[in-house]
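Each residue of the sequence shown is one higher than the last, beginning at 2 in the working numbering.
Note that the Cβ used here is the ideal one computed from N, Cα and C, for glycine as well.
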Amino acid sequence: MIPQIEFMKAFFKNPQRVGTFAQSSQLLAQRVTKYMDEKVRCVIELGAGTGRITEQILKRIPNNSKLLCFEIDEMLIQYLKKKFDDSRLAIINDSAENLEIYLKKYGYKKADYIISALPLTMMPKHKRDFILDTILSHLKKGGKYIQIQYSLNDKKRIKNFFPYQKVRFFLANIPPVFIYVCTKR
């Protein structure tokens with residue numbers, strides 16, 4: 002397991018890359034995945050970190066589905082590869098901006114769910130907008146985009162891409178988070 006102190010070091014070394022000083026809580030991982038149903042074919046996770054949410058997604062998805070798990074921090078990628086041995090999981094060391102490449106590689110056009118812990122607030126506007134547009138373009142109609150954020154700073158920006166959204170405040174995490182649940186219409 003990656004000790005919390007090492008996770009914090011990674012954050013302070015590059016906060017735009019890691020996004021938070023603490024790993025997601027187990028309760029947050031369970032809450033985020035409760036918005037999923039079990040009849041999924043393809044799930045994308047952006048910013049997998051230490052895999053707390055990854056683990057919960059794998060518990061919910063059927064054997065014939067795929068989880069494309071994106072992470073750009075090399076230390077976390079190595080940790081994820083050691084932690085998980087599951088044929089449904091593809092651990093991808095690349096940016097969310099390139100998710101279309103990997104959807105095609107694994108034989109999918111659209112994802113049923115896209116779950117993100119990316120630090121949108123810390124990104125330059127053009128990159129954030131490109132990622133949100135990419136998410137919208139590669140989510141099936143009726144699919145859900147679930148975003149974990151530590152503030153409401155990007156609520157209007159996300160609403161520009163996903164007009165139908167519900168935001169829930171979740172205290173059982175350090176720090177507390179807002180969970181955006183957006184449905185593509």
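Nearest residue (CA-CA) to residue 143, options 53, 66, 132, 36: Here residue 143 corresponds to residue number 142 of the sequence shown, with the count starting at 1. Closest by alpha carbon: 36.
Residue environment, residue 172, which counts as buried when at least 16 other CB atoms sit within 10 Å: Counting from 1 along the sequence shown, the entry for residue 172 is found at position 171. Counting Cβ neighbours within 10 Å, residue 172 comes out exposed, since fewer than 16 surround it.
Contact under 8 angstroms by Cβ, residue 66 with residue 89: By one-based count along the sequence shown, residue 66 stands at place 65. By one-based count along the sequence shown, residue 89 stands at place 88. Their beta carbons are under 8 angstroms apart, which means residue 66 touches residue 89 by this criterion.
Runs of alpha helix (DSSP H) lying entirely within the segment 118-177, each at least 4 residues, in chain order: 126-138, 156-162
Endpoints, alpha helix (DSSP H) assigned at residue 41: Your numbering for residue 41 matches position 40 in the sequence shown. Element bounds for residue 41: n/a, residue is neither H nor E.
Residue 97 (DSSP reduced to helix, strand or coil): Counting from one through the sequence shown, the residue named residue 97 turns up at place 96. Note: residue 97 maps to helix in three-state DSSP.
Cβ-based neighbour list, residue 31, same chain, cut-off 8 angstroms, excluding 5 preceding and 5 following: Here the question's residue 31 lines up with position 30 in the sequence shown. Hits under 8 angstroms: 57.
Segment limits, beta strand (DSSP E) that includes residue 110: Residue 110 sits at position 109 when you count from the first residue of the sequence shown. First-last for residue 110: undefined, no H or E at that position.
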